[in-house]
Amino acid sequence: MAVALVHDYLNQRGGAERVFAHIARAYPEAPVYTALFDPKATGDLVDPARVRASALARLPGANRYFRYLAPLYPRVFESFDFSAYDTIVSSTTAWAKGIRVPLGAVHVCYINTVSRFTFAYDRYVGGFGLRALARPFVRGLVAWDLRAAQRPTLLVANSANVAERIRRYYGRDAEVLHCPVDVARFTVGPGAGGYFVVASRLLPYKRIDLAIRAAQLANVPLYVAGSGPAEGRLRQLARGTTTTMLGYVDDRRLDALIGNARAAIVPGEEDFGLVPVEAAAAGRPTVAFRAGGALETIVEGVTGEYFDEPNAQSLADALRSFDAPRYDARRLRAHAESFAPGRFIERLRNIVERARR
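When we follow our numbering, the leftmost residue of the sequence shown carries the number 109, and every step to the right adds one.
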């Protein structure tokens with residue numbers, strides 16, 4: 109079996125990249141094809157010696173302005189040469205599913221989400237002016253995205269939530285394989301800090317603005333760990349409130365930050381969302397919007413609780429009434445262990461083997 113791996117881009121550090129690191133561990137000899145690569149951001153997740161980045165990676169500023177390169181990605185992924193491989197495993201939020209593989213080769217694609225420009229354009233693309241300017245280009249990408257989704261031999265969704273989207277937008281069934289979580293990266297903390305925490309890429313659809321407003325309404329301290337395109341706007345919103353914006357936080361500090369929090373907050377609808385499981389690994393519960401992947405990663409009353417309306421008041425009410433001492437850190441950690449990477453790797457290999465028969 110000659111295996112190649114594909115991921116959209118490895119120039120940022122987030123949930124999709126952490127998941128792909130475990131796919132790479134499942135096939136340690138396989139080369140990794142990707143549009144962009146920044147070894148400073150993800151070199152510890154994927155061995156740089158394995159990475160085959162596209163010609164786009166040589167463009168000045170490509171890693172920083174990668175979102176503006178969207179019209180180029182379809183051609184980039186379609187041009188990769190997989191003639192030396194009979195098995196290709198890809199991981200994608202948009203582009204990698206569109207690769208072309210040799211006749212008779214098997215392509216198993218792990219879908220982190222249906223492309224957001226397909227089902228949530230207005231929330232995914234920035235301000236109104238940018239949305240209006242980009243819309244003609246995006247129409248073409250949506251058409252390509254639907255064609256590309258028909259190419260893999262088998263689709264694997266990271267959650268039942270995403271599997272349902274795949275049926276709705278792509279007209280295909282997908283096997284569900286929940287994301288692996290680096291449980292060993294976290295230690296059970298005391299939860300004595302008295303604050304709530306958000307750990308996330310700072311993107312509009314993550315609804316971190318809602319968490320900032322809710323924390324102010326509830327008069328509770330909130331720490332926001334993460335960076336991304338919405339950071340400037342969120343810092344402005346947080347000025348003079350109970351929220352502290354921390355920017356990028358490394359893994360060691362994040363472990364301590366979550367472990368000492370009253371709870372983590374997931375204010376928006378996630379595709380799967382690693383944070384509730386990561387928080388459980390640190391012995392802390394999560395307060396999340398009752399939608400999306402959180403419904404698959406939180407056991408209500410055992411590992412966390414929900415707020416029901418996508419507004420600051422609903423979340424503020426949940427924060428005011430939140431009772432941290434009711435949660436048992438040992439049960440939280442045990443829940444997190446069920447998402448440990450070893451189980452994911454074993455199931456992924458079995459799925460790929462089945463697709464090859």
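All C-beta atoms, glycine included, are put in the ideal place defined by N, C-alpha and C.
Computed from a predicted model, the values in this text were never measured in an experiment.
What distance in whole Å lies between the Cβ atoms of residue j and residue i, which are believed to be in contact at a cut-off of 8 Å?
i: residue 447; j: residue 385; result: 5 Å
i: residue 319; j: residue 371; result: The pair is not a contact, with the Cβ atoms about 12 Å apart (cut-off 8 Å).
Do you know offhand how far residue i's Cα is from residue j's?
i: residue 381; j: residue 445; result: 16 Å
i: residue 235; j: residue 418; result: Note that residue 235 scores a pLDDT of 45, beneath 50, so its modelled location is shaky and nothing firm can be said.
i: residue 369; j: residue 193; result: 47 Å
i: residue 336; j: residue 435; result: 32 Å
i: residue 313; j: residue 376; result: 7 Å
i: residue 175; j: residue 322; result: 30 Å
i: residue 427; j: residue 115; result: 37 Å
i: residue 211; j: residue 191; result: 9 Å
i: residue 403; j: residue 272; result: 14 Å
i: residue 164; j: residue 118; result: 12 Å
i: residue 128; j: residue 465; result: 24 Å
i: residue 411; j: residue 392; result: 8 Å
i: residue 331; j: residue 398; result: 21 Å
i: residue 334; j: residue 458; result: 35 Å
i: residue 407; j: residue 414; result: 10 Å
i: residue 374; j: residue 258; result: 32 Å
i: residue 264; j: residue 367; result: 32 Å
Between which two residues does the alpha helix (DSSP H) holding residue i run?
i: residue 339; result: 339–346
i: residue 356; result: Where residue 356 is concerned, there is no enclosing alpha helix (DSSP H), given that its DSSP letter is neither H nor E.
i: residue 188; result: Per DSSP, residue 188 belongs to no alpha helix (DSSP H) and is neither H nor E.
i: residue 452; result: 449–464
i: residue 277; result: 268–278
i: residue 413; result: Premise fails: residue 413 lies in the beta strand (DSSP E), 412–415, not in any alpha helix (DSSP H).
i: residue 388; result: 383–389
Which term fits residue i, buried or exposed, when burial requires 16 or more other beta carbons within 10 angstroms of its beta carbon?
i: residue 221; result: buried
i: residue 355; result: exposed
i: residue 269; result: buried
i: residue 185; result: buried
i: residue 237; result: Residue placement at residue 237 cannot be trusted, given a pLDDT of 39 that sits under 50; the coordinates are not used to answer.
i: residue 405; result: buried
i: residue 198; result: buried
On the DSSP letters alone, give me the boundaries of the beta strand (DSSP E) that residue i sits inside.
i: residue 129; result: That residue, residue 129, is in no beta strand (DSSP E); its alpha helix (DSSP H) goes 123–134.
i: residue 265; result: 262–265
i: residue 304; result: 304–307
i: residue 199; result: 195–200
Going by C-alpha distance, which of the options is nearest residue i?
i: residue 154; options: 133, 143 and 172; result: 133
i: residue 293; options: 409, 137, 308 and 388; result: 388
i: residue 183; options: 218, 253 and 392; result: 253
i: residue 451; options: 367, 289 and 319; result: 289
i: residue 256; options: 266, 285, 284 and 219; result: 219
i: residue 416; options: 401, 409 and 396; result: 396
i: residue 296; options: 439, 341, 120 and 462; result: 439
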